[in-house]
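Have a look at the structure below, then the notes.
Numbering (the working numbering), first residue to last: 3 to 505.
Written out as C-alpha cells, the structure reads:
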C-alpha cells in the first residue's frame with residue numbers, strides 16, 4: 003500500500019483512506035525490493051467517490067500477491083514488520099530520558115524493563131497496523147512538547163511540531179492531541195513558576211500567556227504542514243479519510259463483551275479491557291507511582307503525565323467508539339510505565355525495594371510464560387489467556403495469528419485436511435494448509451459448496467467465530483456454533499484456535 007501511494011500519489015485503492023499514511027509508508031520498504039506487479043492495483047475510475055469502497059480491504063488481491071510463486075510471502079511479512087523498530091527506538095529513548103529526569107537512573111531502568119516486557123506493546127509492535135505507530139508517536143509528541151515548555155528553543159519547537167505531525171499521520175484518533183496539548187499549555191500557565199514562563203516568553207518575545215499561545219499554535223502549524231506534505235500537498239485524501247471514518251462510526255460495529263453483543267458498544271468496555279489485559283504489577287505499581295510522584299514532584303509534572311492518557315481514554319469511553327480491541331488505547335501504556343518507574347525513588351533504601359523486586363519478578367513470569375502469544379495475554383484476575391475469550395475477542399485475543407501454529411499441529415498429528423472456521427484474512431494456502439470450509443470471516447470457500455452444520459470430524463475454529471459476534475451474516479446468526487459448546491476442545495492453538503474431535 004505505502005509503495006503504491008508513494009509511487010502514484012493516488013488514494014484510489016481499498017483501505018487507502020481508512021487511516022492516514024504513516025503506517026503505510028513505514029511498512030512499505032520491502033515492496034520496493036520485490037518485483038511487484040502493479041497491474042494488480044488497477045481499480046475502477048470512480049473509486050474516489052465511493053467511501054465504502056475506500057474503507058474496505060481487498061484481501062483477495064493481497065492473498066493473490068502472497069501466493070504468487072515469485073514472492074516469499076513469509077519473508078515479505080517479516081521484513082515489513084521489522085520496520086516497527088524505527089519507531090521503537092525513539093519511543094524507548096524518550097521513555098528513558100523522561101523517566102531518568104523524574105525518577106533517576108534506576109527508575110528509568112525499571113520503566114524500560116516494564117516497557118520491554120509489556121505484552122500489549124510486544125503484540126502490536128510486531129504487526130503491520132497503525133496502533134503501535136500511534137502509541138509511539140503519541141508519547142513522543144508529549145515528550146517533545148514538554149521539552150519545549152520546560153527548555154524552550156527553536157529546535158525544540160521544530161521537533162515538537164514534527165512529532166505532532168507524525169502522530170497526525172498515524173491515525174485519526176491522534177487528533178485528540180490537539181486538546182491534550184491545549185490542556186497541557188493551560189496547566190503549564192497555571193502551575194509553572196515565573197522563571198519557567200519567562201523562559202518561554204523570552205523565546206517568543208511576548209507576554210507569558212501570548213507566548214504560550216504562540217508555542218501551541220506554532221507546533222500545530224508545523225504539524226499540519228508535515229501532515230499535508232505526507233499527502234504530497236494534496237488535502238483531498240485526508241478529507242476522504244475523515245469522511246470514511248465518520249461513515250464507519252455512523253454504521254456501527256458489532257462487538258462482544260462477556261457474552262453480550264452490541265453494535266453501539268458499552269461505556270465500560272475499555273476500562274474493563276485495561277483491567278484484565280494489563281499485567282497486575284503494572285496496574286498496582288502505576289497507582290503506587292502516581293502516589294509517589296504526587297508527593298515528591300510539583301503539580302506541574304502531574305499534568306504532563308496524566309492529561310494525555312486521561313483524555314485518550316475519555317475519547318474512547320465517552321465517544322462510544324468501536325469496541326473491538328484494547329489496541330485503540332495502546333498509547334496510554336508508556337505513561338503507565340513512567341508511573342511504574344516513579345516507585346523506585348520511594349522504594350530505594352527501604353524495605354519497599356524487596357516488595358518492588360517481587361512485583362518485577364511476578365511481572366516477568368506473568369508476561370513471558372505466554373510467549374510468543376502476546377496478543378492473547380490476559381492477567382490472572384480472570385484466570386489468564388485460557389479464559390480470555392469469555393470476556394473479549396477480536397484483536398484482544400484472536401487476529402488470525404495462529405494459522406501457522408495450526409499447520410504445525412496438523413503436521414504433528416498427521417492431519418491432512420481439517421474443517422476450518424478461521425477469523426483472519428490470510429489464505430491458509432500460504433502455509434500449505436488444506437481445509438474444508440466452514441463459515442468464518444473472509445476465509446475463501448475454494449469449491450463454493452455450502453457447509454452443513456452441525457458437523458463431525460476434526461474441526462478448527464477461531465474463538466472469535468466461536469462466540470458468533472460476526473456470524474450474523476449467515477442464516478443461523480450468532481448462534482451458528484453454539485452446538486460446539488456441548489463438546490470440549492482437544493487442543494488450543496495459541497489461545498485463539500480451538501480443535502475439536504467430534505464423532
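Cβ coordinates follow ideal geometry from the N, Cα and C atoms, glycine included.
If you look at residue 415, you'll find it in the alpha helix (DSSP H) that goes 405-415.
Scanning the stretch 378-455 from its first residue to its last, the whole alpha helix (DSSP H) runs of 4-plus residues come out as 405-415. With contact defined as three or more Cβ pairs closer than 8 Å, the stretch 54-63 and the stretch 16-28 are in contact.
When 31, 28, 485 are compared, the shortest CA-CA separation from residue 504 is found for 485. Scanning 291, 320, 293 for the CA closest to the CA of residue 267 turns up 320.
Counting every other CB atom within 10 Å of its CB across the protein chains shown gives residue 303 a total of 16 or more, marking it as buried.
By the Cβ criterion, the stretch 164-183 is not in contact with the stretch 192-201, since fewer than three pairs of Cβ atoms, one from each stretch, lie closer than 8 Å. A residue is called buried when at least 16 other Cβ atoms come within 10 angstroms of its Cβ; residue 492 does not meet this threshold and is exposed.
Between the beta-carbon of residue 130 and that of residue 83 there is about 6 Å, and that keeps the pair under the 8 Å contact cut. In the structure shown, residue 289 adopts helical secondary structure according to DSSP, grouped into three states. Taking the Cα of residue 263 as reference, the smallest distance to any Cα among 205, 245, 314, 394 is reached at 394.
Within the stretch 283-343, the runs of alpha helix (DSSP H) that reach at least 4 residues and sit entirely inside it are, in chain order, 301-320. Annotated as distal: residue 377 and residue 495, with beta-carbon spacing of 9 Å or more. Burial is judged here by how many other beta carbons sit within 10 angstroms of a residue's own beta carbon; residue 400 has at least 16 and is buried. If you draw a straight line from the Cα of residue 292 to the Cα of residue 170, it is about 29 Å long. If you look at residue 500, you'll find it in the beta strand (DSSP E) that goes 499-504.
Nearest in C-alpha terms to residue 86, of all of 104, 132, 69, 113, is 132.
In this structure, residue 112 places its C-beta atom within 9 Å of the C-beta atom of residue 346. The residue from 287, 305, 124 with its alpha-carbon nearest to that of residue 364 is 287. DSSP places residue 264 in the strand class (E or B) of the three-state scheme. Secondary structure within the stretch 97-128: not one fully enclosed beta strand (DSSP E) run of 3 or more consecutive residues is present.
If you draw a 10 Å sphere on the C-beta of residue 135, you find 16 or more other C-beta atoms in it, and that means buried.
DSSP places residue 7 in the helix class (H, G or I) of the three-state scheme. In this structure, residue 248 lies away from residue 22, with their beta-carbon atoms at least 9 Å apart. Here the stretch 88-100 makes contact with the stretch 141-148; the two share three or more CB pairs at distances below 8 Å. Residue 153 carries a coil assignment under DSSP once its states are collapsed to helix, strand and coil. In the DSSP annotation of this structure, residue 174 is not part of any beta strand (DSSP E), being labelled neither H nor E.
Taking a contact to require three or more Cβ pairs closer than 8 Å, the stretch 304-317 and the stretch 350-365 do not qualify as touching.
Residue range 75-84 is occupied by the alpha helix (DSSP H) that includes residue 84. Our two residues, residue 381 and residue 480, have alpha carbons roughly 27 Å apart in a direct line. By the criterion of a C-beta distance shorter than 6 Å, residue 427 is surrounded in its chain by 61, 444, once the five residues flanking it on both sides are discounted. Distance check between residue 442 and each of 473, 108, 270 places 473 closest, using alpha-carbon atoms only. In the DSSP assignment, residue 464 falls outside any alpha helix (DSSP H) and within the unbroken beta strand (DSSP E) covering 459-464. Secondary structure note for residue 472: it is in no alpha helix (DSSP H), with a DSSP letter that is neither H nor E. Cβ neighbours of residue 355 within its own chain (closer than 7 Å, five residues either side excluded): 349. For residue 482, no alpha helix (DSSP H) segment is defined, and its DSSP state is neither H nor E.
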